[in-house]
Amino acid sequence: MTPNVTPPPALHFEQVRKTYPGQVTPALRDLNFTVPRGSCTGIIGRSGAGKSTLVRLISGLETPDAGRLFVQGQSMAGLSSRALRQRQVRTGLVFQHFNLLTQRTALGNVTLPLELLGVPRAKREARGRDLLAQVGLGDYTSRYPAQLSGGQKQRVGIARALATDPDLLLADEATSALDPETSAGILTLLTDLQKDRNLTLVIVTHQMEVVRAVTTHVAVLDAGVLVEAGETRHVLSCPQHAVTRALLNAHRPEVSLENGEQLRHLTLPDLSPRTLNALAGLGARIVQAHAHPKGVDAWLALPQGAADVNRHLDRSAHLVEVPA
Ligand SMILES: Nc1ncnc2c1ncn2[C@@H]1O[C@H](COP(=O)(O)OP(=O)(O)OP(=O)(O)O)[C@@H](O)[C@H]1O
Numbered sequence: 001m002t003p004n005v006t007p008p009p010a011l012h013f014e015q016v017r018k019t020y021p022g023q024v025t026p027a028l029r030d031l032n033f034t035v036p037r038g039s040c041t042g043i044i045g046r047s048g049a050g051k052s053t054l055v056r057l058i059s060g061l062e063t064p065d066a067g068r069l070f071v072q073g074q075s076m077a078g079l080s081s082r083a084l085r086q087r088q089v090r091t092g093l094v095f096q097h098f099n100l101l102t103q104r105t106a107l108g109n110v111t112l113p114l115e116l117l118g119v120p121r122a123k124r125e126a127r128g129r130d131l132l133a134q135v136g137l138g139d140y141t142s143r144y145p146a147q148l149s150g151g152q153k154q155r156v157g158i159a160r161a162l163a164t165d166p167d168l169l170l171a172d173e174a175t176s177a178l179d180p181e182t183s184a185g186i187l188t189l190l191t192d193l194q195k196d197r198n199l200t201l202v203i204v205t206h207q208m209e210v211v212r213a214v215t216t217h218v219a220v221l222d223a224g225v226l227v228e229a230g231e232t233r234h235v236l237s238c239p240q241h242a243v244t245r246a247l248l249n250a251h252r253p254e255v256s257l258e259n260g261e262q263l264r265h266l267t268l269p270d271l272s273p274r275t276l277n278a279l280a281g282l283g284a285r286i287v288q289a290h291a292h293p294k295g296v297d298a299w300l301a302l303p304q305g306a307a308d309v310n311r312h313l314d315r316s317a318h319l320v321e322v323p324a
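The sequence shown begins at 1 in full-length UniProt numbering and counts up by one.
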C-alpha cells in the first residue's frame, strides 16, 4: 500500500528576518507564514512593507539573516548552488515593468530562458510559439516590445515566466502599470494558467482590489511585519488589523450619502439593462464602477435596509456580494 504522504506547502517561512547591509531596521522580521500548494496567494502591503524583499527571498536573490525558508518543502539554506539554480528555474517571475529585451522579438524574449538552459533552437522556438498562443499572442511572435501594448508586453512576460515549466509563479505588481480593463485581463490569464497548470501563484500587490478579485489566500505585511494572514474571504469580511482595514478602504469613493444610505462594494456580473434594472428596483446608485475579472467592480449607495433587500436578490444571476 502506498503511504498517504501530504505534499509540503509551496512556501513556508519560519521566523524569517532580513536586514539589508548597512540598515538597522529589518526589511522583514519574525515572518511565520505558509503559502498552500496550488493556492493563489496575495501579498499586500503599503510601500516599504517588505513585499519585494519577500519575492527576492523566495527567488533566491537574497538570503534571510535569521530563520528558515522552505520552497516546495526544500530549505533554501540547504541547497547546493546547482540545486538553487534548479529551484530558480522552477520559480517563474512576472514583473511590473515587464523586463523584456527590446532588441528581441516576443518569441526571442520567451525563448531566452530556454536558450540559457541550452535547449536546442527548434525545440525552444516550438515551445515559445505554443506559449505565446496560450497567452493569446499567437500572431505576435515576430513583434518587438515597442510594437506591443502594455497588456501584450505583460502577456509576453507571462509566457516567458512559463517557459521553464515552473511550479511556482511570482507576480510582483504585475498589473500596477496597466489600466483597470487590461489589468483584469492579465489577472484572469494568470488565474486561468494557475488552474490549468496546477501552479502556486503568488501575487504581490499594493491594491486590495487585486487581492479581492483573484486570490484564495492573503497575507498583509506592514513595515516588515506580517500583521494578518488567512483565506481571503475571511480576512476581507472580518479584517482584524487596522492596516488591513485601511487598505480595504483605500479606494472607498468620497460620496455624500443621503437618508441613511450605505456604501457597499460589490461585484456585478455586468452593466446590462437587466442588472441596471435590478439595481434601480432596489433604489441603488452606482457610485463607481470598473472592469474586474469576474465582471464589474462597483461601489453602490444602497438605501437604508439594504441588507434585507440584498437577501431578495438573485445572487447568482444578478449580484454577488463581496465583503466591503
Ligand atoms: N537593497 C536595499 N538596501 C537597503 N534597504 C533596502 C533595499 N531594498 C529595500 N530596502 C528597504 O527595505 C524595506 C522594504 O522594502 P521593499 O522593497 O521590500 O518594500 P515593498 O513593500 O516592496 O515596497 P514598494 O511597494 O514601495 O516596492 C524598505 O524600508 C526599503 O527601504
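The beta carbon of each residue, even a glycine, is placed where N, CA and C say it ideally should be.
Since L178 and G150 are thought to touch, with beta carbons under 8 angstroms apart, how far apart are those beta carbons, to the nearest angstrom?
To locate residue 178, count along the sequence shown from 1; it is residue 178. To locate residue 150, count along the sequence shown from 1; it is residue 150. Correct: roughly 5 angstroms between the Cβ atoms.
Quick test of the definition: if touching needs 3 or more C-beta pairs under 8 angstroms, does the stretch 214-225 touch the stretch 45-61?
The stretch 214-225 vs the stretch 45-61: in contact.
Is the number of C-beta pairs between the stretch 54-68 and the stretch 138-154 that are closer than 8 angstroms three or more?
At 8 angstroms Cβ cutoff, the stretches do not touch.
Express the C-alpha separation of R85 and V214 in angstroms, rounding to a whole number.
Walking along the sequence shown from the start, residue 214 turns up at place 214. Walking along the sequence shown from the start, residue 85 turns up at place 85. Straight-line Cα distance between these residues: approximately 30 angstroms.
Give a yes or no on whether the C-beta atoms belonging to V35 and N109 are separated by under 7 angstroms.
For the purposes of this step, residue 35 is identified with residue 35 of the sequence shown, where counting begins at 1. For the purposes of this step, residue 109 is identified with residue 109 of the sequence shown, where counting begins at 1. No; because the gap between Cβ atoms is not below 7 angstroms, this pair is not in contact.
Quick check: the Cα distance between R252 and R121, rounded to an integer number of angstroms?
Locating residue 252 in the sequence shown gives position 252, counting from the first residue. Locating residue 121 in the sequence shown gives position 121, counting from the first residue. Cα to Cα, R252 sits roughly 51 angstroms from R121.
May I ask you to report which of helix, strand or coil DSSP gives D270?
Sequence index remark: in the sequence shown, residue 270 carries index 270 (1-based). In this structure, D270 counts as coil in the three-state DSSP scheme.
Return yes when the C-beta of G50 is under 6 angstroms from any heavy atom of ligand 1, and no when it is not.
Position 50 of the sequence shown holds residue 50. Yes; taking the cut-off as 6 angstroms, the Cβ of G50 has a heavy atom of ligand 1 nearer than that.
Please return the same chain residues whose Cβ sits closer than 8 angstroms to the Cβ of S52, not counting the five positions on each side in sequence.
Working through the sequence shown from its first residue, we reach residue 52 at position 52. These residues qualify, in order along the chain: D172 and V204.
Quick one: using the 10 Å Cβ neighbour count with 16 as the cut-off for buried, is R127 buried or exposed?
By one-based count along the sequence shown, residue 127 stands at place 127. Buried.
Please tell me whether, using a cut-off of 6 angstroms, the distance from the CB of A229 to the nearest non-hydrogen atom of ligand 1 is below it.
What you label residue 229 is simply residue 229 of the sequence shown in a count that begins at 1. The answer is no for A229.
DSSP on S75, reduced to helix/strand/coil?
On the sequence shown, residue 75 is found 75 positions in, with the first residue counted as 1. In this structure, S75 counts as strand in the three-state DSSP scheme.
With hydrogens ignored, establish whether the beta-carbon of T41 is closer than 6 angstroms to any heavy atom of ligand 1.
Position 41 of the sequence shown holds residue 41. No - ligand 1 has no heavy atom lying nearer than 6 angstroms to the Cβ of T41.
Between P239 and A163, is the Cβ-Cβ spacing less than 7 angstroms?
If you number the sequence shown from 1, residue 239 lands on position 239. If you number the sequence shown from 1, residue 163 lands on position 163. Result no, Cβ atoms of P239 and A163 do not sit closer than 7 angstroms.
What are the residues that DSSP puts in a beta bridge with F33?
Numbered from 1 along the sequence shown, position 33 holds the residue referred to as residue 33. BP columns for F33 point to F13.
Put T216 into one of helix, strand or coil per three-state DSSP.
Working through the sequence shown from its first residue, we reach residue 216 at position 216. Coil.
Please go through the same chain and pick out, in chain order, the residues whose beta-carbon is closer than 8 angstroms to the beta-carbon of T232, but skip the five residues on each side of it.
Mapped onto the sequence shown, residue 232 falls at position 232. Here the set comprises G42, V211, R212, T215, T216, H217 and V218.
Looking at the secondary structure, which residues open and close the beta strand (DSSP E) in which V202 lies?
The residue given as residue 202 occupies position 202 in the sequence shown. Element bounds for V202: T200 to T205.
Roughly how far, in whole angstroms, is the beta-carbon of L201 from the beta-carbon of F33, given that I think they are within contact range, below 8 angstroms?
In the sequence shown, residue 201 corresponds to position 201, counting from 1. In the sequence shown, residue 33 corresponds to position 33, counting from 1. About 16 angstroms separates the two Cβ atoms, so there is no contact after all.
Under DSSP, the alpha helix (DSSP H) around G150 begins and ends at which residues?
Indexing the sequence shown from 1 puts residue 150 at position 150. Element bounds for G150: G150 to L162.
If you drop the 5 nearest sequence neighbours on each side, which residues of the same chain put their C-beta closer than 7 angstroms to that of E14?
Translated into positions along the sequence shown, residue 14 becomes position 14. Hits under 7 angstroms: N32, G67 and R68.
Tell me which residues share the same chain as L116 and place their Cβ nearer than 6 angstroms to its Cβ, disregarding the 5 neighbours each side in the sequence.
Sequence index remark: in the sequence shown, residue 116 carries index 116 (1-based). Excluding sequence neighbours, L116 sits near nothing in its chain.
Pick out the complete beta strand (DSSP E) segments inside the stretch 56-117, 3 residues or longer, and give them in chain order.
For the stretch 56-117, whole beta strand (DSSP E) runs of length 3 or above, ordered along the chain, are 66-71 and 91-94.
Beta-carbon within less than 7 angstroms of G38's beta-carbon, same chain only, minus the 5 sequence neighbours each way: which residues are those?
Here residue 38 is taken as the residue at index 38 of the sequence shown, counted from 1. Closer than 7 angstroms at Cβ, skipping near neighbours: N198 and T200.
What residues in its chain sit with their C-beta under 8 angstroms from that of N259, if we drop five residues either side in the sequence?
If you number the sequence shown from 1, residue 259 lands on position 259. Counting only Cβ-Cβ distances below 8 angstroms, and skipping sequence neighbours, we find P303 and Q304.
Does the beta carbon of G60 fall short of 6 angstroms from some heavy atom of ligand 1?
The residue given as residue 60 occupies position 60 in the sequence shown. Result no, Cβ not under 6 angstroms from ligand 1.
What do you get for A174, buried or exposed, if any count of 16 or more other CB atoms within 10 angstroms of its CB means buried?
What you label residue 174 is simply residue 174 of the sequence shown in a count that begins at 1. With 16 or more other Cβ atoms within 10 Å, it is buried.
Note down the Cα distance separating I186 from K153, rounded to an integer number of angstroms.
Residue 186 sits at position 186 when you count from the first residue of the sequence shown. Residue 153 sits at position 153 when you count from the first residue of the sequence shown. The alpha-carbon atoms of I186 and K153 are separated by roughly 11 angstroms.
Can you have a look at R245 and say buried or exposed, based on whether 16 or more other CB atoms are within 10 angstroms of its CB?
Walking along the sequence shown from the start, residue 245 turns up at place 245. Exposed is the call here.
What do you reckon, are the CB atoms on R90 and D167 nearer than 7 angstroms?
The residue labelled residue 90 in the question sits at position 90 within the sequence shown. The residue labelled residue 167 in the question sits at position 167 within the sequence shown. Cβ distance < 7 angstroms, so R90 and D167 count as in contact.
In chain order, what residues of the same chain have a beta carbon less than 8 angstroms from the beta carbon of L257, not counting five sequence neighbours either side?
Position 257 of the sequence shown, counted from the first residue, corresponds to residue 257. Cβ neighbours of L257 beyond the five flanking positions: L263 and A301.
For a test of your reading of the model: does the CB of T53 fall under 6 angstroms from any non-hydrogen atom of ligand 1? Yes or no.
As a first step, residue 53 is located in the sequence shown; it is residue number 53 there, counting from the start. Yes, the Cβ of T53 comes within 6 angstroms of a heavy atom of ligand 1.
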